[in-house]
Amino acid sequence: MGFTTATAVLRLSTGMLLFLALAAARAEPLPSWNESESRNQIVSFVGAVTDPGSPDFVPADARIAVFDNDGTLWSEQPAYFQLLFAIDRVKALAPEHPEWRDRQPFQAVLEGDLRALAESGEKGLLELVMATHAGMTTDEFSSIVEDWIGTARHPTSNRLYTEMVYQPMLELLEYLRANGFKTYIVSGGGIEFMRPWVQRVYGIPPEQVIGSSIKTRFELRDGEPVLVRLPEINFIDDKEGKPVGIHQHIGRRPIAAFGNSDGDLQMLQWTTAGEGRRLGVIIRHTDAEREWAYDRDSHIGRLDQALDEAVERGWVVVDMKDDWGRVYGFESSE
Numbered sequence: 000m001g002f003t004t005a006t007a008v009l010r011l012s013t014g015m016l017l018f019l020a021l022a023a024a025r026a027e028p029l030p031s032w033n034e035s036e037s038r039n040q041i042v043s044f045v046g047a048v049t050d051p052g053s054p055d056f057v058p059a060d061a062r063i064a065v066f067d068n069d070g071t072l073w074s075e076q077p078a079y080f081q082l083l084f085a086i087d088r089v090k091a092l093a094p095e096h097p098e099w100r101d102r103q104p105f106q107a108v109l110e111g112d113l114r115a116l117a118e119s120g121e122k123g124l125l126e127l128v129m130a131t132h133a134g135m136t137t138d139e140f141s142s143i144v145e146d147w148i149g150t151a152r153h154p155t156s157n158r159l160y161t162e163m164v165y166q167p168m169l170e171l172l173e174y175l176r177a178n179g180f181k182t183y184i185v186s187g188g189g190i191e192f193m194r195p196w197v198q199r200v201y202g203i204p205p206e207q208v209i210g211s212s213i214k215t216r217f218e219l220r221d222g223e224p225v226l227v228r229l230p231e232i233n234f235i236d237d238k239e240g241k242p243v244g245i246h247q248h249i250g251r252r253p254i255a256a257f258g259n260s261d262g263d264l265q266m267l268q269w270t271t272a273g274e275g276r277r278l279g280v281i282i283r284h285t286d287a288e289r290e291w292a293y294d295r296d297s298h299i300g301r302l303d304q305a306l307d308e309a310v311e312r313g314w315v316v317v318d319m320k321d322d323w324g325r326v327y328g329f330e331s332s333e
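The opening residue of the sequence shown carries number 0 in numbering that gives the first Met the number 0; numbering runs sequentially from there.
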């Protein structure tokens, strides 16, 4: 290849790379979001807090965004996915516990009586969790969760649970991180239920997960140090617990918070009460065709008080039906 030809090829390649870089820079963020006021408010906020010339500029080390998980990053119907995990664990462990066939709430699980299970209330659900989540080492529990999340299927879609993740929210997580944000999960779900898979699914490392927990004890077993999960509650990361968990784990007040229910109300209040420009976002389930439609009267992910306060406090309410071009990654983008 002659010098002139090589120079021409180099110039062409450089020009093409520059064109692609400019095209990427100009590409609209959040491609699965429809053009809407909600999307525009989010993009405007990110632009304002990341522009050094803006009066709302926030240094990168203070750009913290917190996300609820159930109903915000992935679906939560017809039941919280961790509850479905506990139900599967009861069925798997039942041969070792014949007494469960005559004892609630285990009997309800084994007979598929969801009404009786619901009637067992918080006490019954807690008993299920303790029986299926405790009495093992942290490594053993992590392995069980990884096996389940890699194989178990959603009861209505027959998809892996990790396929029931919202594509628009994955894009939002990536968009925020590309703009210098650190993203955290702050969930009422179990911290050790989420940690084994969140980095692969959300790009969020396990140390940036805050959740409910049970007590853990250090032991030496055959000379090997292990952490053993005990059947005792340590911390409930829901409602008033969310700001407490944020303070204990992060030590900074976030500048953006994303939730979908009254369980996220206090997290949204705490985040948006700080100084400077703040962003509070509620994901509202309005799409009965592609997902589910529920809010004020739902027993799962109830959105009532937080929906009223959104108007008063200027929080962004994302309407899933109108604001999202697609809900899940497996949907057609057309």
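Even glycine gets a Cβ: it sits at the ideal position worked out from N, Cα and C.
Shortest Cα-Cα distance from Ile203 to any of Gly134, Ala272, Thr131, Leu175 involves Leu175. DSSP places Tyr174 inside the alpha helix (DSSP H), whose first and last residues are 166-177. As DSSP reads the structure, Gly189 sits in a beta bridge with Ser211.
Looking only at His132, Gln103, Lys238, the smallest Cα-Cα distance to Leu302 is reached by Lys238.
About 6 Å separates the Cβ atoms of Thr71 and Gly258, confirming a contact at the 8 Å cut-off. Distance from Gln207 to Ile184 at the Cβ level is roughly 7 Å; contact confirmed, criterion being Cβ atoms closer than 8 Å. Distance from the CA atom of Thr137 to the CA atom of Val310, rounded to whole angstroms, is 43 Å. Inclusion of Gly250 and Ser211 in the CB contact set at 9 Å is not warranted, their separation being larger than that value.
Taking the Cα positions, Ile143 is about 17 Å away from Thr215. In this structure the segment 229-246 does not lie against the segment 149-165, because fewer than three pairs of beta carbons, one per stretch, are closer than 8 Å. Per DSSP, Asn157 is not a residue of any alpha helix (DSSP H), being assigned neither H nor E.
For Asp69 and Phe80, the gap between their C-alpha atoms comes out near 8 Å.
Pro253 is a Cβ neighbour of Val65, given a cutoff of 9 Å.
Taking Pro195 as reference, the option from Glu145, Ile235, Phe234, Leu172 with the minimal CA-CA separation is Glu145.
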